[in-house]
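Here the sequence shown stands for residues 131 to 473, where the numbers follow my numbering. Comments concern the structure below.
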Amino acid sequence: MKKNLIIFITLIGLISFLSSCERDDTKVIILENPVAPTIISLPSMSLARADGATILSFTGTPVDPGFIASATYFLEACVHGNNFADAVIIYTSVQDTLIKMAASDLNALLLKKFPADVTTSVDFRIRSVLVVDAGTGAVGTGSNPLAYSSPITTVNVKPYGFPRLDLINSGITQKIESALGDGKYTGFVKLDDTKPFTLEDPETNTVYGTSGTALAVNGTAFAPLKSGWHKLTVNTTALTYTLEEHRIGLVGSATPNGWDVPDQKMDWNASTGTWDITVTLVAGDIKFRLNDDWGWNLGGTTDNLVHNGSNITVAAGNYTIKLTITVFSPNGSEAGTYTIQKN
131 MKKNLIIFIT LIGLISFLSS CERDDTKVII LENPVAPTII SLPSMSLARA
181 DGATILSFTG TPVDPGFIAS ATYFLEACVH GNNFADAVII YTSVQDTLIK
231 MAASDLNALL LKKFPADVTT SVDFRIRSVL VVDAGTGAVG TGSNPLAYSS
281 PITTVNVKPY GFPRLDLINS GITQKIESAL GDGKYTGFVK LDDTKPFTLE
331 DPETNTVYGT SGTALAVNGT AFAPLKSGWH KLTVNTTALT YTLEEHRIGL
381 VGSATPNGWD VPDQKMDWNA STGTWDITVT LVAGDIKFRL NDDWGWNLGG
431 TTDNLVHNGS NITVAAGNYT IKLTITVFSP NGSEAGTYTI QKN
C-alpha cells in the first residue's frame with residue numbers, strides 16, 4: 131500500500147511538471163510591421179579642439195518588434211550615399227535613447243573615416259540587432275538574428291585634426307600641422323613664386339609672417355624664391371622658421387627630358403603619404419631624385435629603393451607612379467618603395 135502511494139505521488143508530480151513546462155513555452159509573435167529604432171536628434175558635428183571636453187548627446191527611440199527581446203544598438207556613420215558599406219561605429223550598447231560622449235572622443239572616431247578640417251556630408255543610422263534567448267520565456271533566434279535600422283539622417287561633419295597653420299593667399303588650400311601640439315609645425319607646401327603668403331592659426335586667428343629671417347606675428351608675407359614643392363617648418367614659440375625646396379622628381383632615359391634637368395616633378399599626396407605622378411614614358415630607365423640633383427636619389431626594386439640604387443627599367447606607356455619614402459636622410463642612407471601602374 132505504501133509503495134502504491136509513492137508511485138501515485140510521483141505521477142502527480144510528473145504531470146504537474148509537464149503542465150508547467152507547457153505553460154512556460156511562450157510563443158514569439160513578431161509584428162507585421164516591426165517598429166525600427168529612430169534618430170531623434172544629433173549634436174552639431176562641426177567640432178573644435180577648444181570644445182573637446184564638452185559632452186555631446188544623441189537621442190533615439192528603441193526598436194519594437196512586438197515581443198520581449200534583448201537588443202544591441204549600433205550608431206553608424208558613412209559617407210553620404212555609401213549605403214554603410216564602409217561605416218564607422220560611433221557607439222554600441224543595449225540602449226539608444228540617450229547616447230553621451232565627449233567631443234574629443236567623437237572626433238577621434240570620425241577621423242577614422244573622414245578627413246580632418248574638411249566638411250563632409252555623412253549619413254547616420256541606428257542599427258538594432260535582436261537576440262531572443264531560449265529558456266527565458268521565448269524562442270531563440272539561432273544563427274540569424276533579427277536586425278532593424280532607423281531611417282538615415284544626413285548631416286555635415288567636420289572633425290578637427292592636429293593643430294594647424296593655414297597658408298593664406300598661396301593660391302591653393304593647404305596647411306602645416308603640429309603633431310605634438312607643441313608649437314612646432316611642419317609640412318610640404320606647393321608654392322607659386324608670384325604669390326607671397328602668410329600663415330594663420332584658425333583657432334586663435336593669429337597671423338604669422340616674417341621679420342628678416344625670423345617668424346613674426348603680423349609680419350611681412352613669405353616670398354617664395356621658386357615655384358614648386360617646399361618643406362616649411364615653423365616654431366611659433368621660438369618664432370623661427372625654415373623654408374626649403376623639396377621637389378621630388380623622375381629622371382632617366384625613359385622620361386621626356388632624359389637624364390637632363392628639369393626632372394618630371396611629382397606631387398605630394400598627404401592622404402596617402404606618397405609622392406605621385408602620372409606620366410608618359412618611353413622604353414628606358416628611371417630613378418627618383420630631389421631638387422634635380424644626385425646628392426639625394428633612389429633606385430632599385432619596388433620594395434627596396436636605396437641611395438644610388440640600380441636604374442629602374444620600364445616599357446613604353448603611360449604610368450601612375452607612387453613613391454613612399456621610408457627613410458629621408460641627407461647623408462646617403464635614404465630609402466623607400468614605389469608602385470607603378472600602367473594606365
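Backbone N, C-alpha and C define an ideal beta-carbon position, used for all residues, glycine too. Quantities reported herein were computed from a predicted structural model and do not represent experimental measurements.
Using the beta-carbon count (16 or more within 10 Å), is residue i buried or exposed?
i           : result
residue 390 : exposed
residue 431 : exposed
residue 321 : buried
residue 384 : buried
residue 348 : exposed
residue 237 : buried
residue 374 : exposed
residue 380 : buried
residue 418 : buried
residue 458 : exposed
residue 227 : exposed
residue 293 : buried
Check the DSSP bridge columns for residue i and list the partner residues they point to.
i           : result
residue 398 : 405
residue 296 : 305, 330
residue 437 : 428
residue 286 : 251
residue 418 : 380, 428
residue 457 : 465
For the candidate residues the options, whose alpha-carbon lies nearest to that of residue i?
i           : options            : result
residue 242 : 291, 325, 381      : 291
residue 239 : 213, 205, 224, 310 : 205
residue 289 : 190, 176, 210      : 176
residue 247 : 331, 232, 255      : 331
residue 95  : 229, 295, 360      : With the chain running from 131 to 473 in the structure shown, residue 95 is simply not present.
residue 448 : 183, 407, 209      : 407
For the putative contact between residue i and residue j, defined by C-beta atoms under 8 angstroms, what is the C-beta separation to the nearest angstrom?
i           : j           : result
residue 284 : residue 261 : Incorrect: roughly 30 angstroms between the Cβ atoms, too far for contact.
residue 439 : residue 428 : 6 angstroms
residue 341 : residue 350 : 7 angstroms
residue 364 : residue 442 : Residue 364 to residue 442, Cβ: 36 angstroms. No contact.
residue 319 : residue 300 : 7 angstroms
residue 167 : residue 203 : 7 angstroms
residue 338 : residue 324 : Actually they are not in contact, since the Cβ atoms of residue 338 and residue 324 sit about 21 angstroms apart, beyond 8 angstroms.
residue 207 : residue 215 : Their Cβ separation, rounded to whole angstroms, is 12 angstroms, which puts residue 207 and residue 215 out of contact at 8 angstroms.
Checking contacts by CB at 8 angstroms: is residue i closer than that to chain C?
i           : result
residue 458 : Among the protein chains of the structure shown there is no chain C, as only one such chain exists.
Counting only runs of 3+ residues fully inside the stretch 202-255, write out the beta strand (DSSP E) ranges in chain order. The stretch 202-255 contains these whole beta strand (DSSP E) runs: 218-223, 228-232.
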